[in-house]
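What the sequence shown shows, in my numbering, is residues 1 to 258, in sequence order.
Ideal placement from N, C-alpha and C gives every residue a C-beta, glycine not left out.
Keep in mind the model is a prediction, meaning the values are calculated, not measured.
In what follows, a structure is listed as structure tokens, so that the remarks can point back to it.
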Amino acid sequence: MKRKDTALKILALNSSPRTGALSKTALMLGRLVEGMREAGALVEVVNLREKKIKNCLGCYTCWTKTPGVCIHKDDMTRELFPKWLESDIAVYATPLYHYGMTATLKAFQERTLPASMPFFEIRGARMHHPDRGKRPAIVVLSVSGMPDEAHFSALSAHMKYCFAHDNRLLAEIYRPAAEVMTTPFFKEKAGDILNAATEAGRELVRNRGISPQTMARITQPLAGPEFYTEVVNVVWKSCIEERITPGELELKREPPRG
Ligand SMILES: Cc1cc2nc3c(=O)[nH]c(=O)nc-3n(C[C@H](O)[C@H](O)[C@H](O)COP(=O)(O)O)c2cc1C
Numbered sequence: 001m002k003r004k005d006t007a008l009k010i011l012a013l014n015s016s017p018r019t020g021a022l023s024k025t026a027l028m029l030g031r032l033v034e035g036m037r038e039a040g041a042l043v044e045v046v047n048l049r050e051k052k053i054k055n056c057l058g059c060y061t062c063w064t065k066t067p068g069v070c071i072h073k074d075d076m077t078r079e080l081f082p083k084w085l086e087s088d089i090a091v092y093a094t095p096l097y098h099y100g101m102t103a104t105l106k107a108f109q110e111r112t113l114p115a116s117m118p119f120f121e122i123r124g125a126r127m128h129h130p131d132r133g134k135r136p137a138i139v140v141l142s143v144s145g146m147p148d149e150a151h152f153s154a155l156s157a158h159m160k161y162c163f164a165h166d167n168r169l170l171a172e173i174y175r176p177a178a179e180v181m182t183t184p185f186f187k188e189k190a191g192d193i194l195n196a197a198t199e200a201g202r203e204l205v206r207n208r209g210i211s212p213q214t215m216a217r218i219t220q221p222l223a224g225p226e227f228y229t230e231v232v233n234v235v236w237k238s239c240i241e242e243r244i245t246p247g248e249l250e251l252k253r254e255p256p257r258g
């Protein structure tokens, strides 16, 4: 275990609106954080749904009148932005919503504008706004309902364009078909996926990256396409007939333990 003053500071931002065992973002993030803490990092988890984060006004007050400070007086200005600036790593955890991040996480990201300066600067082949100071490295974690890994491609392209150019993107963790992970049918595979998420947390702290072996375990397929089109559709049909949400159905079940 590292000493507290030298330990990596990690801010884990969970942008799922869902809580508890129902949220697959929380499930995966919880295990990632467990591994990070085991490896000696100081990790704070923030559920963004509990915070007041107003939308960016585009007024550029943070670039002109009060450099580095947003005009809004909300949880982002008072608490989250200072914590984000102080952290070595920020985990951006989001359910895949319409092939992208949640609006909550996007609002958070837009509100990090005060960390940049207004000037245009050519760096490599691209135009940039220079950083006002130190910023955290980024780890992206996302989960989806559908099984295709390609569904994360727009989110991944966004994150790479934002963060990869200056080596700030430490890792991208994308878990497809996450909704069915908690069904008893996939208990064994889900256990391995969750154990791999914990291992990814340890590796990120120790090596600043995730090994291909661990990543392969995280993204391992659960079933073929027939399963999803047949079994999942049966579940949806019964939810509609019984007028019950998938959440109400799932809360009756035990979440898997790794
Ligand atoms: C508004 C909305 C949009 C979604 N968009 C997608 C999508 O584009 N692709 C996909 O595979 N799943 C999509 N899903 C499913 C979620 O990604 C999936 O249910 C995930 O497990 C939610 O994360 P959570 O359990 O942490 O809330 C969407 C769900 C909602 C509610």
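Of the residues the options, the one placed nearest residue i, counting alpha carbons only
i      : options                        : result
Ala216 : Gly209, Ala196, Pro225         : Ala196
Glu110 : Cys162, Glu86, Pro130, Gly133  : Cys162
Asp5   : Met28, Thr19, Arg37, Leu42     : Leu42
Lys24  : Phe227, Glu248, Glu179         : Glu179
Leu141 : Lys54, His129, Pro246, Tyr97   : Tyr97
Pro95  : Pro82, Lys52, Gly145           : Gly145
Glu203 : Ala171, Val234, Thr229, Gly191 : Ala171
Asp192 : Pro221, Arg208, His165         : Pro221
Ala103 : Ser15, Thr229, Val231          : Ser15
Ala7   : Gly20, Arg37, Glu149           : Arg37
Ala190 : Thr19, Met28, Arg18            : Met28
Arg31  : Phe120, Arg208, Leu194, Cys239 : Leu194
His165 : Phe186, Glu149, Pro130, Ala150 : Pro130
Arg206 : Gly40, Met159, Pro246, Leu249  : Gly40
Ser153 : Lys187, Met101, Leu85, Ala26   : Met101
Leu105 : Pro212, Glu50, Glu188          : Glu50
Leu85  : Lys52, Met159, Arg132          : Arg132
Glu149 : Arg208, Phe119, Lys187, Pro225 : Pro225
For residue j and residue i, believed in contact at Cβ under 8 angstroms, the rounded distance
i      : j      : result
Glu34  : Thr198 : 5 angstroms
Pro147 : Pro184 : 18 angstroms between Cβ atoms; not a contact.
Leu22  : Val46  : Contact doesn't hold; Cβ gap of about 19 angstroms is too wide.
Ile218 : Ile173 : 6 angstroms
Ala200 : Ile210 : 5 angstroms
Asn167 : Ala107 : With a Cβ gap of about 26 angstroms, Asn167 and Ala107 do not count as contacting.
Leu155 : Tyr99  : 7 angstroms
Which residues DSSP lists as bridging residue i, in chain order
i      : result
Val45  : Ala12
Gly100 : Tyr97
Ser116 : Asp131
Tyr60  : Tyr60 is not bridged to any residue.
Ile193 : According to DSSP, which records beta bridges pairwise, Ile193 is partnered with nothing at all.
Tyr228 : Bridge partners of Tyr228: none, in fact.
Arg123 : Arg126
Tyr92  : Leu13, Val140
Arg175 : Val143
Leu169 : Ile138
Short CB-CB distance (under 8 angstroms) between residue i and chain B
i     : result
Met28 : You won't find chain B in this structure, because it holds only one protein chain.
For this session: Assess, as a yes-or-no matter, whether the region 53–63 is touched by the region 104–122 under the definition of 3 or more beta carbon pairs within less than 8 angstroms.
Result: yes
Exercise. At a cut of 8 angstroms, does the region 85–97 reach the region 129–142 through at least three beta carbon pairs?
Worked result: yes
Exercise. Quick check: the region 41–56 against the region 2–20, are there 3 or more CB pairs under 8 angstroms?
Worked result: yes
Exercise. Hey, is the region 119–127 in contact with the region 71–85, meaning 3+ C-beta pairs nearer than 8 angstroms?
Worked result: no
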